[in-house]
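This is the structure:
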């Protein structure tokens, strides 16, 4: 778990600098809102999400219940239920995106490309379709034109 300790420290340092700057730029709606703090901090939720993506688990629920709740209780003593964790994960999206974009390593040359064809219209309406005019290209696949 030495790697997890390093992630916890790095994420917590990043959260302290980002959250203070982010709160200065938030615009108030003027409506009083409940601001109850969670048992898990933003950095703890982010660390659990990052550790899940570094693990070999395919779904978060299994990872959270079978790994975090069983073996990581010393690192995260104030764990919440799985449904509450799902809600907390939604609230840390902006800080998590900041952390991931600012701690990005050098690209290694591997990319994932979606090669699924995009069917815009039926073949009988190709000449009347004007949404992608100038950028479209008619290609023939193994089964049909697209």
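Residue numbers (the numbering used here): 369 to 514.
For glycine and all other residues, C-beta sits at the position ideal for the given N, C-alpha and C.
By the neighbour-count definition (other C-beta atoms within 10 Å, threshold 16), residue 413 is a buried residue. In the DSSP assignment, residue 411 falls within the alpha helix (DSSP H) that extends over 410-422.
Residue 442 carries a coil assignment under DSSP once its states are collapsed to helix, strand and coil. Within 10 angstroms of the beta-carbon of residue 451 lie fewer than 16 other beta-carbons, which makes it exposed. For residue 456, the closest of 439, 380, 387, 405 by C-alpha to C-alpha distance is 405. Within the same chain, 450 come within 8 angstroms of residue 429 by CB-CB distance, once the 5 residues on both sides are set aside. Here the alpha carbons of residue 423 and residue 371 stand approximately 12 angstroms from one another. With a cutoff of 7 angstroms on beta-carbon distance, residue 411 and residue 383 are scored as near each other. Contact between the region 490-499 and the region 429-447 is absent, with fewer than three C-beta pairs closer than 8 angstroms.
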